[in-house]
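Trainee: Okay, handing you the structure first.
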Amino acid sequence: MLQSFHADVSIRRELFHFHPNYDYVMTTRRYATAPDDFNDRQDFRMSLMPTMIDLLARARVDLRMGLPVVLTTPDQAILALAVEPLDTKRLTSLRALGPIVLTVTARRAETLKARVYDGDIARITVPSSADLSWIQAVSDPADDLRTPMKGPLRSDRDGDVELHRLAIALTKSARLLPAAVICPLEHPAQFAQSHGLTTLPLAAVAPLMVESSPLHPVAAARLPIAAAEAGRLHIFRPEDGAEEHYAIEIGKPDRSQPVLARLHSACFTGDVLGSLKCDCGPQLHGALAQMGAEGQGVLLYLNQEGRGIGLANKMRAYSLQDQGFDTVEANHRLGFEDDERDFRLGSAILKELGFSSVRLLTNNPNKISMMEKTGITVAERVPLKVGETAFNRGYLATKAAKSGHML
């Protein structure tokens, strides 16, 4: 039954003892060494088993590959699949389990004129006649203008929606479209074990979804760059297996004084390709040039492409902008908030490097407030106004009008 759900877990089963109840590995701590008492087989076995952080990382990968994940509370369980990689075979298998719903964000539901009863998400009933293309059309705004009539859509109400909310949070963290098809699941432990699926209990994983994963230094080396020969690149890796983040240290900043600092989010199109649609590339090079001129500084390069939605979704947003929507409206049509980034990562890196006070190169008041909230003193805001072009003038105006940027 449901053979299309079977993952190739033969290797994983050699490494890990799969048990239908993951309660006893609900720890976020990693085991650095094996237990001293090798006669204690249970403790030694547990040291080789995945922690909840490991399972969370595995669930993100599973969703990106089109595999379902099992989400549970003591009283409820669901099977969730991300819409973006969904195929007809798995959709058919899912429907064999029972009625399904399409869960999207409230932002996306508002675009679709669907009623929102569940706060920040909406559960849309999937008609029995609906096929994969219908689900994709409702989830993805790419064809909104060409095929605007998708309704009427009926939204579910009442009932516990926390597992649906978790499913959407997982698709976002996997850098997918924030949409999932979901069905209720009986006997989740047995189902997950027999199909080799990842199980996430809500009580254990919910705190991890709202916290920033701890960052650990991995490597650092001298790196002369065009802006400053006295450069040093630091690499930081989060415990949850997500993208690495970097710090470019210029000179030898005095840790007892406010350091000239910049929180810069990765922008492949602007930083690498020189895109004229944004001001990211000029901001990156302008900040490094100013640090080089002063002889010291630190630039935090956070891998949060597209204001935290990922490059693929960013390109979807660009396509919507070509249809006449501004940068904020495009994000909303995709189902995202104005800004999905986590600036706490920058604060964590600064602390790891020994800095407690900054002169922050930014036009974004949210960066200032987050630094202050997380224990980094912002002694001064240093404006960074560079890179305006005929192509990004509207984008900059939207950032000022809707996001409060001081331009």
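The UniProt record's numbering puts the first residue of the sequence shown at 1, with every later residue one more than the last. Ideal placement from N, C-alpha and C gives every residue a C-beta, glycine not left out.
Using only the alpha-carbon positions, how far apart do R58 and E243 sit?
Mentor: Near 14 Å, if we compare the C-alpha coordinates of E243 and R58.
Trainee: Taking 6 Å as the limit between beta carbons, can you name the residues of its chain near R107, skipping five residues before and five after?
Mentor: So the qualifying residues of the chain are H332 and G335.
Trainee: What's the gap between the Cα of D23 and the Cα of T103?
Mentor: At D23 the pLDDT is 38, less than 50, meaning the model places this residue with poor confidence; the figure from the coordinates comes in the next sentence. Approximately 27 Å, taken between the alpha carbons.
Trainee: If you run the structure through DSSP and keep just helix, strand and coil, what is C280?
Mentor: Helix.
Trainee: Apply the 10 Å Cβ neighbour rule to R30 and answer buried if 16 or more other Cβ atoms are within range, or exposed otherwise.
Mentor: Unreliable positioning characterises R30 in this predicted model, as indicated by a pLDDT of 40, which lies under 50. The coordinate reading is nonetheless provided below. With fewer than 16 Cβ atoms within 10 Å of its Cβ, R30 is classed as exposed.
Trainee: On the DSSP bridge list, what partners appear for C267?
Mentor: Its beta-bridge partners do not exist; DSSP assigns none.
Trainee: Identify the residues that DSSP records as bridge partners of R262: which are they?
Mentor: BP columns for R262 point to L299.
Trainee: Could you please give the first and the last residue of the uninterrupted alpha helix (DSSP H) stretch that includes I135?
Mentor: Here the alpha helix (DSSP H) through I135 covers L132 to S139.
Trainee: Run through DSSP, which three-state label would H164 get?
Mentor: Helix.
Trainee: Could you pull the start and end residues of the alpha helix (DSSP H) that G306 belongs to?
Mentor: Run containing G306: E305 to G308, per the alpha helix (DSSP H) assignment.
Trainee: Within 10 Å of its beta-carbon, does R255 have 16 or more other beta-carbons around it, so buried, or fewer, so exposed?
Mentor: R255 comes out exposed.
Trainee: Between the C-alpha atoms of G251 and A397, what's the straight-line distance to the nearest angstrom?
Mentor: Distance between the alpha carbons of G251 and A397: 35 Å.
Trainee: By Cβ distance below 8 Å, which residues in the same chain neighbour G375 in space, the five residues on each side in sequence not counted?
Mentor: For G375, where only same-chain residues beyond five positions count, the Cβ hits under 8 Å are S347, K351 and S356.
Trainee: Relative to the alpha-carbon of E340, which residue among P152, T171, D54 and V61 has its alpha-carbon at the smallest distance?
Mentor: Residue T171 is the option with its Cα nearest to E340.
Trainee: Could you work out which residue in V386, V358 and D131 is closest to T377 when comparing CA atoms only?
Mentor: The option with the nearest alpha carbon to T377 is V358.
Trainee: If I follow the unbroken alpha helix (DSSP H) through I225, where does it start and stop?
Mentor: Element bounds for I225: n/a, residue is neither H nor E.
Trainee: Hey, P85 and R64: beta-carbon distance below 8 Å or not?
Mentor: Yes, they are a contact pair.
Trainee: Do A77 and V70 have their C-beta atoms within less than 8 Å of each other?
Mentor: In contact: A77 and V70 (Cβ atoms closer than 8 Å).
Trainee: In whole angstroms, give me the CA-to-CA distance for A180 and P99.
Mentor: Near 14 Å, if we compare the C-alpha coordinates of P99 and A180.
Trainee: Heavy atom of the ligand PLP less than 7 Å from the Cβ of P201, yes or no?
Mentor: With respect to the ligand PLP, the structure offers nothing, as it holds no ligand at all.
Trainee: Measuring CB to CB, does N363 end up less than 8 Å from L384?
Mentor: Their beta carbons are under 8 Å apart, which means N363 touches L384 by this criterion.
Trainee: Anyone know if the C-beta pair for L302 and A266 falls short of 8 Å?
Mentor: A contact, by the Cβ cut-off of 8 Å.
Trainee: Under DSSP, the beta strand (DSSP E) around T327 begins and ends at which residues?
Mentor: First-last for T327: T327 to L334, but that is the alpha helix (DSSP H), not the beta strand (DSSP E).
Trainee: So, is D75 buried or exposed, given that buried needs 16 or more other C-beta atoms within 10 angstroms?
Mentor: So D75 counts as exposed.
Trainee: Buried or exposed: where does H216 fall if 16 or more other Cβ atoms within 10 Å of its Cβ makes it buried?
Mentor: Looking at its Cβ environment, which holds fewer than 16 other Cβ atoms inside 10 Å, H216 is exposed.
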